[in-house]
Structures are given as C-alpha cells and as structure tokens.
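Asks: Please find one structure pasted underneath; my questions will follow.
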Amino acid sequence: MSTPLSAQRPSRRGPLLLLAALGAVAALGAGAPTWVSGRAATATGTAAVLAAGRDAAPVATALALVSLAAVVASTLGRRAARLVAALVLVAGGAGVLAASTGPVRDPAAALAAPARAASGTTEARVQAGVDVAPWPVVSAVGGGLVALAGGGLVLGARRREAPRTAGRYDRDARPGSGAPAPARQDPAAAWDALSHDEDPTR
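Structural data, given as structure tokens:
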C-alpha cells in the first residue's frame, strides 16, 4: 500500500507560520523608535522635530497587526480559512514592505506633521540635513519575511491538494480497492433476453 505524497513530506506550515510571526513582530517593534529626525523653522528660530515609525508609516504598523491576526487565524481555521489567511499574509507583508520604504525615499514628508506642530503653522519648512535611522529597513525586512512565508503557505496548500485528489482517483480505479466494479454484460445474452421479453439489466 503506497503512502500519499502529502504524508511523505514533512509539513512546513509550522516553520512558515513562525517566520511570518517573527516578521510581523519585527515590523511592530521597529515602529516604536524614531525613524526620522531633523529641524524645522519656527517663529523664534528652529526646533528639533522627529517622527517615530508609527507616525512616519502608520500603514506599516496597521498591516503588521493584520499579519499577526492572519497567523493566528491560519492556526485555528479550516483549509479554506487557512488559504485566505495565507493570501492576507502575502498582501500584508508586501504592504508593510512598501510603507516602510516611504520615509526612506522622502524623509522630509515624514517630518511634515511634527514640523507643523512645532512651528504652529500649516506651512512649516523642514531644513536640510534630515537623519534617517535604520529602523525602516528593519520594518521592511519584517514585511518581506511575512510576504515570503505567506507565499510558501499558499504554494504548500496547492501542492497538498493536488496529490490528495489524484490518490483518490487512483484508489477508485485500482482492482481490489473495495470499490464495486461495473458489471459486464454479454451482448448475445442481452439480445436473447430481449427476444424473450426479459429485461437484461436486472
């Protein structure tokens, strides 16, 4: 008796879920420290302004929380729910990655709100010399790990489904598998039964 392919291969769901959880936690933790710092012009001179990750990239923090919820849902739900959770991990991780790179591309935009608060005006100017901490990179890497783990879970779910379906049809077609074989009728005998007004299908 052959062993199904899904039983021969060790499950990689556990390591992938752990990877997704670590990536989401890393993105959440990276959102607490200061990402961008600089100075903004005020009415009396200049003032130091800074933006934490949760302020500079709030979408990254929100999607990291969604990814953690998807990890939990993947451990508790059924097969369809696990597939949906894996797709959420792919989208959430990609979103964290994209949102985390925004302050790196345009650090002055990340300081716009703190600069307005420090100057008390709606048109605050951030001076040159903005400093960007390495935390956006940590958050982006965490998002990439989440997306990578989600992609592995999606592929694993599709691979497990294909051998299981194929094995079912193989068992049905295999002789001696317990499935009733279709009855074979002799054409000559069927013709004789019809000539005597008998039903050959009984």
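Under this note's numbering, think of the first position of the sequence shown as 3, with each following residue one higher. Cβ atoms here follow ideal geometry from the backbone N, Cα and C, with glycine treated the same way.
1. Classify R81: buried if its beta carbon has 16 or more other beta carbons within 10 angstroms, exposed otherwise.
2. Looking only at its chain, what residues have a beta carbon closer than 6 Å to the beta carbon of A117, apart from the 5 residues adjacent to it on each side?
3. Expressed to the nearest angstrom, what Euclidean distance is found between the alpha-carbon atoms of R107 and A26?
4. Take P109 and list the residues in its own chain whose beta-carbon comes closer than 6 Å to its own, dropping the five residues that flank it on each side.
5. So what does DSSP say about D108, is it helix, strand or coil?
6. For chain D, check one thing: does any of its Cβ atoms lie closer than 9 Å to the Cβ of E125?
7. Does the beta-carbon distance from R15 to S76 come in below 9 Å?
8. Classify T124 as helix, strand or coil using the three-state DSSP reduction.
9. Roughly how many angstroms lie between the CA atoms of L7 and G146, to the nearest whole one?
10. Measure the CB-CB distance between A28 and A96 and report whether it falls below 9 Å.
11. So, are the CB atoms of R56 and T46 less than 9 Å apart?
12. Measuring alpha carbon to alpha carbon, tell me which of V156, L157, A119 ends up nearest A49.
13. In its own chain, which residues sit with a C-beta less than 7 Å from the C-beta of G40, not counting the 5 before and 5 after it?
14. According to DSSP, what are the bridge partners of S39?
15. Under the three-state reduction of DSSP, which class applies to G47: helix, strand or coil?
16. Can you grab the Cα-Cα spacing for the pair A142 / A59, in whole Å?
17. Based on Cα-Cα distance, which residue from T123, P17, A66, V74 lies nearest to A101?
18. With a Cβ-Cβ cutoff of 9 Å, do G152 and L89 count as a contact?
19. Confirm, please, whether the CB-CB distance from A32 to P138 is below 9 Å.
Replies: Well, looking at it:
1. The residue in question, R81, is exposed, as its Cβ has fewer than 16 Cβ neighbours within 10 Å.
2. A42, V51, A126, V128
3. 22 Å
4. Excluding sequence positions up to five before and after P109, its CB lies within less than 6 Å of the CB of V38, V132, V134, all in the same chain and listed in chain order.
5. In the structure shown, D108 adopts coil according to DSSP, grouped into three states.
6. The structure shown contains no chain D; it holds only a single protein chain.
7. yes
8. coil
9. At L7, the pLDDT of 41 sits below 50, so the modelled position is not reliable; the number obtained from the coordinates is stated separately. Taking the Cα positions, L7 is about 30 Å away from G146.
10. no
11. No.
12. Looking at V156, L157, A119, the one whose alpha-carbon comes closest to that of A49 is A119.
13. V51, L113, V128, Q129, G131, V132, D133
14. L52, D133
15. strand
16. 11 Å
17. A66
18. Judged by their CB atoms, G152 and L89 are nearer to each other than the 9 Å cut-off.
19. yes
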